[in-house]
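Q: This is the structure I want to talk about, given as structure tokens.
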Amino acid sequence: MKTREQFQKEMNKLGRIGILITLILLFSVPLIFGIYHNAIPTFKDFILAASGLLVLFVPIAISEVFIYTPIFGSATYITFITGNIMNLKVPIAQNAQELMETTKGTDESDVITTLAISVSAIITIIFIALGVILLVPLEPIMTSDAISTASSYVLPALFGALVIGLLKSTGEIRVKGKVKAGIIPFIVLFLVNIFVMNTYDYSGILLIVMIPFTVFIAWILYKKEKITIEIIEKEEK
Amino acid sequence: MDDTFFGIVNSGLLYLLVGIVIVFVVLLSLLFAKKAWNRALELGYTKAQLKKVIKSTSIATIVPSLAIVIGLFALAPVLGNAWPWLRLSVIGSVTYELMAADMASSSMGVALTDLPTVGIDAFVNIMFVMTVGISAGMFVLLFFGEKIQKGIGSMGKNRKSFGVVALECFMIGLLATFLPAFFTKGVVSVLTFFTSSVITITMGLIVLKYNIKWLKDFILAFALIGGMASSVLWTGLLG
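Those protein sequence lines, which keep their order, are chains A and B. Once you know that position 87 of the first sequence is 450 in the numbering used here, the rest is easy, because the numbers rise by one and skip nothing. Once you know that position 42 of the second sequence is 46 in the numbering used here, the rest is easy, because the numbers rise by one and skip nothing.
And the structure:
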């Protein structure tokens with residue numbers, strides 16, 4: 364049997380080669396299409412169109428790597444390659460970990476998450492392909508008021524379904540009192556939302572601050588033994 | 005050949021280029037799935053358990069995937085079918101792509117909805133901008149992924165260290181960021197959130213009380229469908 368290090372090394376290698384090829388292929392699409400139609404933008408035009416977006420999204424995209432790698436482990440590469448992280452991959456990882464009652468950071472959790480994320484990615488790609496094929500016949504349904512209302516509430520519905528699972532620990536290592544770490548960050552942001560502005564559209568940027576803040580509070584509470592680690596006897600898998 | 009804007013952006017060439025990327029990503033996902041499957045068997049999971057994970061994942065994926073497909077319907081009238089197909093299938097996310105396309109075109113002084121009237125040059129520029137914007141994280145992963153992974157691996161290794169607490173608190177931090185925004189965004193958001201929670205709790209209790217284990221696989225899917233369907237009801241009732 365491979366050791367944890369061997370398996371992770373193998374997954375890292377596969378992931379990095381995968382990312383490299385994906386990036387080359389991705390950039391080839393506008394490049395070949397642009398050359399064929401003699402429509403390659405000048406650098407000035409590109410910067411003009413890109414600057415606002417890059418200032419906003421590059422820091423988010425970089426910080427997302429640090430935020431989500433602990434959640435996805437070996438599945439990080441395939442998660443990033445197939446995207447839709449918050450609105451699909453996070454709940455799928457959580458669902459699979461809960462189903463198999465794994466502890467975060469263990470080999471078991473890592474491998475179950477990777478399996479779930481890969482399967483989920485394939486299914487989503489199939490669905491989008493079906494959407495493209497059936498674009499015309501499906502349009503009246505998909506653009507109806509009810510469907511567009513429902514789809515704009517996908518995140519509250521997802522979080523509502525996940526919150527219970529996220530608040531309890533599964534697996535053999537239980538972190539007792541972890542919810543306490545979230546109380547102060549929650550209250551601070553709640554006040555910001557009431558008195559300053561709704562932060563819904565800025566959640567991506569806020570995560571860069573809020574996650575380290577939560578971990579910092581967890582560290583203080585851990586030192587004060589308000590958050591403790593409990594190891595449960597391993598049940599049959 | 006159709007030389008209109010939509011003729012060009014829905015051309016065979018673009019479908020072919022997009023198709024190649026998507027087929028590669030599907031093959032890569034299959035390879036990841038196979039490696040994880042084999043490793044899970046090595047770790048002592050049974051095939052039946054892994055099939056259960058696949059089944060539950062598949063069911064839970066359907067509803068959020070439909071929401072992504074709806075994003076396709078929003079992008080296709082301005083960007084054609086092929087490009088949004090790629091952007092939503094590889095790296096992208098439904099919220100990012102809509103915003104990115106809109107920001108890129110307005111930076112060029114063009115409303116996104118007017119793009120078809122401006123011409124193909126602006127379209128290709130938007131393709132580049134959207135690709136560069138979404139790729140930043142991929143470059144970080146490419147160069148530093150292994151280092152970050154190793155750091156995380158060592159966090160979870162010592163079962164009694166703060167690293168274990170920190171890993172668990174990432175998700176708590178995620179909740180602490182999103183929940184205040186949902187709770188103050190509007191009544192429909194709050195009610196949708198709670199409807200979904202109530203369905204999850206109720207189904208969880210039914211699984212425990214009547215020992216219906218198969219039902220556990222469907223909890224996330226039912227809670228999502230129920231929650232999203234309820235948002236239509238709440239919007240209708242409350243305006």
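Cβ coordinates follow ideal geometry from the N, Cα and C atoms, glycine included.
Just checking my contact of Leu119 (chain B) with Val82 (chain B) at CB under 8 Å: how many whole Å lie between their CB atoms?
A: Position 115 of the second sequence, counting from 1, holds the residue named residue 119 (chain B). Position 78 of the second sequence, counting from 1, holds the residue named residue 82 (chain B). At roughly 5 Å, the Cβ-Cβ gap stays under 8 Å, so Leu119 (chain B) and Val82 (chain B) are in contact.
Q: Jot down the residue ranges of each uninterrupted alpha helix (DSSP H) in the region 164-230 of chain B, minimum 4 residues, whole runs only, in chain order.
A: Within the region 164-230 of chain B, the complete alpha helix (DSSP H) runs of at least 4 residues are 166-189, 191-214.
Q: Identify each residue in the region 140-155 of chain B for which the Cβ-Cβ distance to at least one residue of chain A is less than 7 Å, and report them in chain order.
A: Ala140, Gly141, Met142, Val144, Leu145, Leu146, Gly149, Glu150, Ile152, Gln153
Q: Tell whether a beta-carbon distance below 7 Å holds between Asp473 (chain A) and Ser514 (chain A).
A: Residue numbering aside, residue 473 (chain A) sits at position 110 when the first sequence is read from its first letter. Residue numbering aside, residue 514 (chain A) sits at position 151 when the first sequence is read from its first letter. Contact flag unset, no.
Q: Can you give me the start and stop residues for the beta strand (DSSP E) that Glu588 (chain A) sits inside?
A: Against the first sequence, residue 588 (chain A) aligns to sequence position 225. No beta strand (DSSP E) contains Glu588 (chain A), which DSSP labels as neither H nor E.
Q: Just the C-alpha distance for Val192 (chain B) and Ile223 (chain B), rounded to the nearest angstrom, thanks.
A: As a position in the second sequence, residue 192 (chain B) is number 188, starting the count at 1. As a position in the second sequence, residue 223 (chain B) is number 219, starting the count at 1. Looking at the two C-alpha atoms, the distance is approximately 22 Å.
Q: In the region 542-574 of chain A, which residues sit with their C-beta less than 7 Å from some C-beta in chain B, listed in chain order?
A: Along the region 542-574 of chain A, going in chain order, the ones with a CB nearer than 7 Å to a CB of chain B are Val542, Ala544, Gly545, Pro548, Phe549, Leu552, Phe553, Asn556, Ile557, Asn561, Thr562, Tyr563, Ser566, Leu569, Leu570, Met573, Ile574.
Q: Could you name the residues of the region 26-41 of chain B whose beta carbon sits closer than 9 Å to any beta carbon of chain A, in the order they occur along the chain?
A: Ile26, Phe28, Val29, Val30, Leu32, Ser33, Leu34, Leu35, Phe36, Ala37, Lys38, Lys39, Ala40, Trp41
Q: Could you tell me whether any Cβ in chain A is nearer than 7 Å to the Cβ of Gly96 (chain B)?
A: The residue given as residue 96 (chain B) occupies position 92 in the second sequence. It does: the Cβ of Gly96 (chain B) has a partner Cβ on chain A nearer than 7 Å.
Q: By how many angstroms is the C-alpha of Val27 (chain B) removed from the C-alpha of Asn42 (chain B)?
A: Position 38 of the second sequence holds residue 42 (chain B). Position 23 of the second sequence holds residue 27 (chain B). The straight-line gap from Cα to Cα measures roughly 23 Å.
Q: For Thr117 (chain B), return the contacting residues in chain A, with the cut-off set at a CB-CB distance below 8 Å.
A: Taking the first residue of the second sequence as 1, we reach residue 117 (chain B) at position 113. Within 8 Å Cβ-Cβ: nothing; Thr117 (chain B) doesn't reach chain A, min ~15 Å.
Q: Using a Cβ cut-off of 8 Å, which residues of the region 381-393 of chain A contact any Cβ in chain B, in chain order?
A: Gly381, Ile382, Leu383, Ile384, Thr385, Leu386, Leu388, Leu389, Phe390, Ser391, Val392, Pro393
Q: Below 7 Å between beta carbons: does that hold for His400 (chain A) and Ile124 (chain B)?
A: Within the first sequence, numbered from 1, the residue matching residue 400 (chain A) stands at position 37. Within the second sequence, numbered from 1, the residue matching residue 124 (chain B) stands at position 120. For His400 (chain A) and Ile124 (chain B), yes; Cβs fall inside 7 Å.
Q: If we define contact as Cβ-Cβ less than 7 Å, is Phe132 (chain B) a contact residue for chain A?
A: Walking along the second sequence from the start, residue 132 (chain B) turns up at place 128. Yes, because at least one Cβ of chain A sits closer than 7 Å to the Cβ of Phe132 (chain B).
Q: Hey, Ser481 (chain A) and Ala37 (chain B): beta-carbon distance below 7 Å or not?
A: Locating residue 481 (chain A) in the first sequence gives position 118, counting from the first residue. Locating residue 37 (chain B) in the second sequence gives position 33, counting from the first residue. In contact: Ser481 (chain A) and Ala37 (chain B) (Cβ atoms closer than 7 Å).
Q: Under the rule that 16 or more other beta-carbon atoms within 10 Å means buried, what is Val499 (chain A), buried or exposed?
A: Locating residue 499 (chain A) in the first sequence gives position 136, where the first residue counts as 1. The residue is exposed, with fewer than 16 neighbouring Cβ atoms inside 10 Å.
Q: Any residues in the region 79-91 of chain B with a beta carbon nearer than 7 Å to a beta carbon of chain E? Which ones, in chain order?
A: Reference to chain E is not applicable here, since the protein chains of this structure are A and B.
Q: Write down the C-beta distance between Val73 (chain B) and Ile491 (chain A) rounded to the nearest angstrom, noting that I regard them as a contact closer than 8 Å.
A: By one-based count along the second sequence, residue 73 (chain B) stands at place 69. By one-based count along the first sequence, residue 491 (chain A) stands at place 128. Confirmed, Cβ separation roughly 6 Å.
Q: DSSP has Arg537 (chain A) in a bridge; who is on the other side?
A: As a position in the first sequence, residue 537 (chain A) is number 174, starting the count at 1. Answer by DSSP bridge pairing, in chain order: A:Glu593.
Q: Report yes or no: is there a C-beta of chain B within less than 7 Å of the C-beta of Pro500 (chain A)?
A: Counting from 1 along the first sequence, the entry for residue 500 (chain A) is found at position 137. Taking Cβ atoms only, chain B never reaches closer than 7 Å to Pro500 (chain A), which makes this a no.
Q: Exposed or buried, which one is Ile507 (chain A) when buried takes at least 16 other CB atoms within 10 Å?
A: Position 144 of the first sequence, counting from 1, holds the residue named residue 507 (chain A). Here residue 507 (chain A) turns out to be Ser, not Ile, going by the sequence shown. Looking at its Cβ environment, which holds fewer than 16 other Cβ atoms inside 10 Å, Ser507 (chain A) is exposed.
Q: Just confirm the distance between the C-beta atoms of Ala44 (chain B) and Leu478 (chain A), as a whole number of angstroms; I'd bet it's less than 8 Å.
A: Your numbering for residue 44 (chain B) matches position 40 in the second sequence. Your numbering for residue 478 (chain A) matches position 115 in the first sequence. Their Cβ separation, rounded to whole angstroms, is 6 Å, which keeps Ala44 (chain B) and Leu478 (chain A) in contact under 8 Å.
Q: When you compare each of A:Ala412, A:Val428, A:Ile444, A:Tyr563 to Thr181 (chain B) by their alpha carbons, which one comes out closest?
A: As a first step, residue 181 (chain B) is located in the second sequence; it is residue number 177 there, counting from the start. Answer by Cα proximity: A:Tyr563.
Q: Quick one: is Ala509 (chain A) near chain B, going by C-beta distance under 7 Å?
A: One-based indexing of the first sequence puts residue 509 (chain A) at position 146. At least one chain B Cβ lies under 7 Å of Ala509 (chain A).
Q: By the 10 Å Cβ neighbour count, where 16 or more other Cβ atoms means buried, how is Thr469 (chain A) classified, buried or exposed?
A: Mapped onto the first sequence, residue 469 (chain A) falls at position 106. When all chains shown are included, Thr469 (chain A) counts as buried.
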